Amino acid sequence: MNIKKIGALLMAVAMAASLTACNSSGKPASGSSDKPYIAIVSKGFQHQFWQVVKKGAEAAAADLGVEITFEGPQSESDINDQVNMLKSAINRQPDAIALAALDTESVKEQLNECLTKGIPVIGFDSGVPNAPAGSIYATASTNNYEAAGIAAQKLFENADFQAKLKAGKITVGVLSQDATSESVTQRTRGFIETLTKLVEAENAGSVEVVGHDLFKKAATADVKLTIKVNIPATTSAADMKTGAESLLTSENLVAIFGSNEAAANGILAAANDGSEFSDTGRYKDIIAMGFDAGKTQRTAVENGWFYGSITQDPYQIGYKAVSLAVDAINGKAAASPTIDTGAKWYNAEALKDESISQLVYE
Amino acid sequence: MFNTVKTEQNQPVEVLEARKAFRVKQMGLQKLLALAALFILYVFFCIFGKNFASTGTLVSILDSTYYVAFMAFGITFVIITGGIDLSIGTNMMCSALIGGYLYSAKGLSIWLCLVIVVIIATAFGFINGVLIAKLKLPPFIATLGVMMMTQGIGSIVTNVQTQRYPSGFVADGFYKSIFYKTASSDLFPSGFPSGLIYMGIFFLIAMFLLNKTKLGRYTYAIGSNEEAVRLSGVNVAKWKILVYTLCGAFCGFSAIVYAATYTTIIPGTGGGLEMKAIAAVIIGGTSMSGGLGTMSGTMIGALLMSVLSNGLMAMGLQGHYQTFFTGLVVVLAVLLDIYRNKKANAIKTLHS
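Written out as C-alpha cells, the structure reads:
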C-alpha cells in the first residue's frame, strides 16, 4: 500500500544526500585516488578566520599534490561534535591528520589510537596543548601570549594612556570569549601580564586584576590600574555584547581589549559597530583594541575607531599545517615542535600596506 | 442512541477502538520502515562513504548514539503522556558539570560523583514533574524555565570553568571501560564497546517499564485521554511526576555516558541536545500528541540519526549538512505520522 510512497521518500533523501556529496567541492567520496590523503579537523566554521585557514590549506594541497578534507564543528563549544569528527576521520584511514583541538582531554583516546595505528597528527592554530608525549608530530600556530603582548605594548606606548595613568586611578577592560580554550586564555593572559609588567616597572604592586578567578591578582601598593576581565556566560554574540557593555560602563575605563574575533565583535556590537569610539561617539575617550579580523573589526580599524588590532596569519596556519603533514608522511623528522606562523599589529595606517592588509581577512 | 457510550469528539467507542487498533498496526509498520531506512542508509554510506564499512565506524556510530539514546528513552515516556521536556539537554550537562566539579575540585571518588550525577538529574526531573502536575504549569513553559535554570546552575557551580573527567589513561578512568568502551585489545582493535551493554540494559528496563508496568499503562492512558484517567479515580498528578522524574533519571544516566565518551564538559552548553533526543523519538514513530509510541522505535530513531551524521561525515560533508538532513528526516517522519492519522480517521467514515 503506502510502502511505495515511503520508499520514494527514502530514496529522495538518499538522492539528495548523494547530490550534495557530488557538489561539495567535487571531492571524490570513495577513496579511489592515489594521492596522500590528509584529514583536517578544525575548531569551527563560525568565523571567517577558519575560511582563510581553509584557503591556505587548499593552496598547500594544490602545491604539494595531496588530497585534503577540511571539517569543523559548527561552534567552538561543540566538543562532542569535534570528537565524532575526529573518530570519523580516523576511520577513513588518512595518511595524516591535522587537528586544532577544542580540548585536549576529550581527544586523548583518539590521539592514542592514531599513535598505535601510525597516523601522524599535526597540530594547527591552537594545536593540541599538553598532548601525550609523541602523539603530535609538530604544531603550526601563533604564539598567542606574545601576540597579545604586542597589544599591551602598543597601549602602554599610547600618549593618552600615559597621561591618564599619571593623572590617577584608571581601569582597562578585557573581554575574553572563554576561560577554556588554550589560545584565548593565553592571549588574555599575555595581554594582562604584559601590561601589568609595563605599568609595575614604574609603580611596583600598583596593578590589580579583577573579574575572574583565573586571572585574579591583588595589588600590593596603591592601586593605579585595575584590569577588569569579563568572560560572558556563553560564546553567543548576544552574551559577548552584554559582556562588552558591562565593561564599557565601568568607572574610569580608559581602554578595552577583546582577545579574539568574537570578543572584538562583542565590543563592536556594544558600541554601535564601533562608531561610538569615533571623535563624536559616546565612548570617544576609550582606546579600543581587538584581536583577529573580520569585516566589522577591519572597518573599525580603518576608520580609526579602534586604536588597532592584532592579526594572526590564518593563511600560513593552514598552509603550514598541510606542509607539515606532508613532511610527516614523507618520514622527515620535525625541525621543531612548534612553527610560529606570526602575528602583526595593524592600525589604520598599517592597513594601507598590502603585505599587512592581506592578512586582515574581511 | 441514548444507550451508546460516547467519548470525546462524540465518537462511538467502537469507532475509537477500531481507529486505535489501526494506528497501532500502522505503528508496527512504521517501525519496520524505520528499521529498513536504517539499514538502507547504512548500506548507502558503506558504498559512497570513505572506508565506512568497518568495525571502527560501527563503534563510532554507537559512541555517538549512547547519550542521545538515554535522553530519548526518558523523554519517550514524557512525550507519550502528551507532554514535553525541553530541559533534558541542559539537565544532562548540568549534572555532568557538577559531577565533574565534585571530582576535580572537591576530590570526591569518581563512583560517588557518578551517583550524585544521577541524583541531581533525577531531582531536576522531579522539579519538572511538580511544576507541571501539581502547580499546573504547561510542560513547555515549566521545562523551558528549568532548561535555563539548569544551564545557569551548571555555570554558577563551576564558575564557568570547563570540567574534565578522568581520561582513560589514569586509574580513575576505569569507569570508562564500563560505560563507554574498554582499551583496545587484540580481540577488539578499537576497544570493546561496553557502552552498548550499558545502553542495552537500560533500553530493556525502559521497555519493561513502558510495556509491563502500571507506570507504562498510565503513561499511555494519560496521553490518550487524561481527563478520562482522572475521572476513573487515578491520581494523575502522582504518575505524571513519576514520569518526569524518570525522564530526569535517564538524563543522569546519559550524563555518565556523555562524560565517559567526551571527557570534557563545557559550561553553558547542552541547549539543543534535547532536540536531538526529541528528533530520535519522533523518527521512531512516537506521536507528539501523546498516547502512542514505542521504546524500540526510539532506539531505532537514535541509531538512524547517528548513522546519518557519521555517514555524511564519511562522505566529506560538513556539520551543517548533517543538521539539514537530520531535519529532513524528522519532517518526513512527521509527514508519515500525519498520513497515518488520516488513514486512522478514515475508519470513521467506514463505520458511519
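Chains as they are written, first to last, in our numbering: chain U, 470 to 831; chain E, 2 to 353. Built from N, CA and C at the ideal position, the CB exists for glycine as well. This structure is a prediction, so every number in the text was calculated from the model and none was measured.
Leu-568 (chain U) has U:Val-510, U:Gly-592 as its beta-bridge partners, per DSSP. In the structure shown, Trp-814 (chain U) falls within a strand segment according to DSSP collapsed to helix, strand and coil.
Residues of the stretch 618–648 of chain U whose Cβ lies closer than 7 Å to any Cβ of chain E, in chain order: Ala-648. One Cα belongs to Ala-632 (chain U), the other to Met-276 (chain E), and the distance between them is close to 54 Å.
Taking the beta carbon of Lys-577 (chain U) as reference, the chain E residues within 9 Å of it are Ser-168, Gly-169, Phe-170, Thr-264, listed in sequence order. Where Ser-610 (chain U) is concerned, the enclosing beta strand (DSSP E) starts and stops at 607–610. Here the C-alpha atom of Gly-541 (chain U) lies approximately 46 Å from the C-alpha atom of Asn-672 (chain U). Contact holds between the stretch 263–281 of chain E and the stretch 144–154 of chain E, because three or more Cβ pairs, one in each stretch, are under 8 Å apart. In this structure, Ser-310 (chain E) and Ser-65 (chain E) form a Cβ contact; the two beta carbons are roughly 7 Å apart against a cut-off of 8 Å. Annotation note: the stretch 108–134 of chain E contains the following uninterrupted alpha helix (DSSP H) runs of length 4 or greater, listed N- to C-terminal: 111–130.
When C-beta atoms of the stretch 276–291 of chain E are compared with those of the stretch 79–99 of chain E, three or more pairs fall below 8 Å, so the two segments count as touching.
The beta carbon of Gly-174 (chain E) sits closer than 6 Å to the beta carbons of Pro-167, Ser-168 from its chain, once the five residues preceding and following it are set aside; these are given in chain order. Residue environment: Thr-718 (chain U) is assigned as exposed (fewer than 16 neighbouring CB atoms within 10 Å of its CB, all protein chains considered).
For Met-314 (chain E), at least one C-beta of chain U is nearer than 8 Å to its own C-beta. In this structure, DSSP gives Asp-173 (chain E) a helical state, which the three-state scheme calls helix. Every unbroken stretch of the alpha helix (DSSP H) spanning 4 or more residues and falling wholly within the stretch 624–708 of chain U is given here in chain order: 628–636, 651–669.
Cβ atoms of Ile-786 (chain U) and Ala-812 (chain U) stay farther apart than 8 Å, at about 11 Å. For Asp-742 (chain U), there is no enclosing alpha helix (DSSP H), as DSSP gives it neither H nor E. Residues of the stretch 671–705 of chain U with a Cβ closer than 7 Å to any Cβ of chain E, in chain order: Asp-682, Ile-700, Ala-702, Thr-703.
Sequence-distant partners of Val-770 (chain U) (beyond 5 residues in either direction) whose C-beta falls short of 7 Å from its own C-beta, in its chain, are Gly-777, Ser-778, Tyr-815, Asn-816, Ala-817, Leu-820.
Judged by DSSP in its simplified three-state form, Val-147 (chain E) adopts helix.
The three-state secondary structure of Glu-540 (chain U), taken from DSSP, is strand. Between the stretch 291–298 of chain E and the stretch 589–602 of chain U there are fewer than three C-beta pairs closer than 8 Å, too few to call the two in contact. Shown here for Ala-565 (chain U): same chain residues with a beta carbon closer than 7 Å to its own, the five before and five after excluded, namely Ile-507, Ile-588, Pro-589, Ile-591, Ala-794, Ala-797, Ile-798 in chain order. Residue-level contact check: Thr-270 (chain E) touches chain U, since one or more beta carbons of chain U fall below 8 Å from its beta carbon. Judged by beta-carbon spacing, Ala-570 (chain U) lies beyond the 8 Å limit of Ala-803 (chain U), meaning their Cβ atoms are not closer than that value.
Of U:Thr-711, U:Lys-685, U:Glu-626, the smallest CA-CA separation from Glu-662 (chain U) is found for U:Lys-685. In the assembly as shown, Gly-155 (chain E) is a buried residue. Its beta-carbon has 16 or more other beta-carbons within 10 Å. In the assembly as shown, Ser-186 (chain E) is an exposed residue. Its beta-carbon has fewer than 16 other beta-carbons within 10 Å. At a Cβ-Cβ threshold of 8 Å, Tyr-67 (chain E) and Thr-262 (chain E) count as neighbours. Your pair Thr-163 (chain E) and Thr-265 (chain E) checks out as a contact, with CB atoms roughly 6 Å apart and the cut at 8 Å. Chain-ordered, the chain U residues with CB closer than 9 Å to the CB of Ser-55 (chain E) read Asn-560, Gln-562. Among the residues facing chain E, Gln-517 (chain U) is not included, as its CB has no counterpart in that chain under 8 Å away.
Think of a sphere of 9 Å around the beta carbon of Asn-311 (chain E): the chain U residues whose beta carbon falls inside it are Asn-553, Lys-556, Ser-557, Asn-560, in chain order. Approximately 7 Å separates the beta-carbon atoms of Cys-252 (chain E) and Gly-126 (chain E); this is inside 8 Å, confirming the contact.
The beta carbon of His-681 (chain U) sits closer than 6 Å to the beta carbons of Val-698, Ile-700 from its chain, once the five residues preceding and following it are set aside; these are given in chain order.
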